[in-house]
Amino acid sequence: MTNSILHLGLMEDGEIELDLAALELAALDHPGIDLDDYIDELTGIELALRAADDNAAGSVAQAQTLRSVMVEDFGFSGDRTHYDDPQNADLIAVIDRRLGLPVSLSILYVAMARRLGWSAMPLNTPGHVLVRLGDAPEALIIDPFNDGRIVAPEQVEALLEQMTGQTRFSDGMLPLSNRSALVRLLLNQAARAEQAGNPARALVLYDRMTIVAPTHAHGWWERARLQLVAEDVVGARNSLSAMLEISRDDDLRLQVSAALDALPRPTPS
109 MTNSILHLGL MEDGEIELDL AALELAALDH PGIDLDDYID ELTGIELALR AADDNAAGSV
169 AQAQTLRSVM VEDFGFSGDR THYDDPQNAD LIAVIDRRLG LPVSLSILYV AMARRLGWSA
229 MPLNTPGHVL VRLGDAPEAL IIDPFNDGRI VAPEQVEALL EQMTGQTRFS DGMLPLSNRS
289 ALVRLLLNQA ARAEQAGNPA RALVLYDRMT IVAPTHAHGW WERARLQLVA EDVVGARNSL
349 SAMLEISRDD DLRLQVSAAL DALPRPTPS
């Protein structure tokens, strides 16, 4: 079934439509599901936003429109009761349940804002994805998990300090590209699968990651690690070899080469 997402890894980043791509990823866990109903649901949200838009000028008005439609009309919110429920990172389930994690809800908010031509980007904030709405100097940050509320700069600084010890954005906390947002969604799912004692499920998710983002080195490394857990030495060697091909970082290449050398050699047949 992973053949159905091969095109995502071949697309230019700007061509990826976040909500539709996240739906395609979710469909891999819902065999036989018809995505047309979910695409229609997203179109319905878009139409409601357009009806409520009233030519919203400026990021504050756009944030208020998003909150009104996403929260008050459609009922989307963060799942505070069962935060680690895997359904919260599955966009099909998010649409069904109206509940999600910061990353899945941020993907939904960003995609809806972009449908109206608004500037919106998910932010790679540690531990809790936020959304930047609008362009400088009027840009502001909203929190889809907490009902789309506007986040004051000092609140962002407090979050950063709590998670990283820094109070300002570093290069690693720049806006997420479309592909990186999908990677973060998959990372979230994979981490929860391992926490639940299901490395086989985590391996499936890292496999998807290497398809969606074939130049993302971390996905290949984690795939190799879990293949070794499953005693698939050949698979691990192939994953590390692929990682070596895409990496341009000399230190990382040395690390991967050492890992390859440490693997048992295949027995001649």
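Counting from 1 along the sequence shown, just add 108 to a position and that's the residue number in our numbering.
By construction, the Cβ of each residue, glycine as well, lies at the ideal position given by its N, Cα and C atoms.
Being a predicted model, the structure only gives us computed values, none of them experimental.
- Within the same chain, and ignoring the five residues on either side of residue 332 in sequence, the residues whose Cβ sits closer than 6 angstroms to its Cβ are 344, 347 and 348.
- Its chain contains 127 as the residues whose beta carbon lies nearer than 7 angstroms to that of residue 150, once the 5 sequence neighbours on both sides are disregarded; these appear in chain order.
- For residue 308, the uninterrupted alpha helix (DSSP H) segment begins and ends at 307-320.
- Closest option to residue 301, judged by alpha-carbon separation, among 341, 167 and 194: 194.
- The criterion of a C-beta distance shorter than 8 angstroms is satisfied by residue 181 and residue 156.
- Secondary-structure assignment with DSSP links residue 251 through a beta bridge to 257.
- Around the beta carbon of residue 287, 16 or more other beta carbons sit within 10 angstroms, so the residue counts as buried.
- Taking 8 angstroms as the upper bound for CB-CB distance, residue 187 and residue 166 are not in contact here, some 31 angstroms apart.
- Classified as exposed, residue 191 has fewer than 16 neighbouring CB atoms from the shown chains inside 10 Å of its CB.
- In terms of Cβ geometry, residue 238 and residue 170 do not form a close pair [threshold 8 angstroms].
- By the Cβ-count criterion, residue 342 is exposed, with fewer than 16 other Cβ atoms from all chains shown falling within 10 Å of its own Cβ.
- Under the 10 Å beta carbon count, residue 233 is surrounded by 16 or more other beta carbons and is classified as buried.
- Proximity to residue 294 across 119, 254 and 131 peaks at 131, based on C-alpha coordinates.
- Straight-line spacing of the CA atoms in residue 211 and residue 372 works out to 38 angstroms.
- Between residue 175 and residue 256, the alpha-carbon positions lie close to 5 angstroms from each other.
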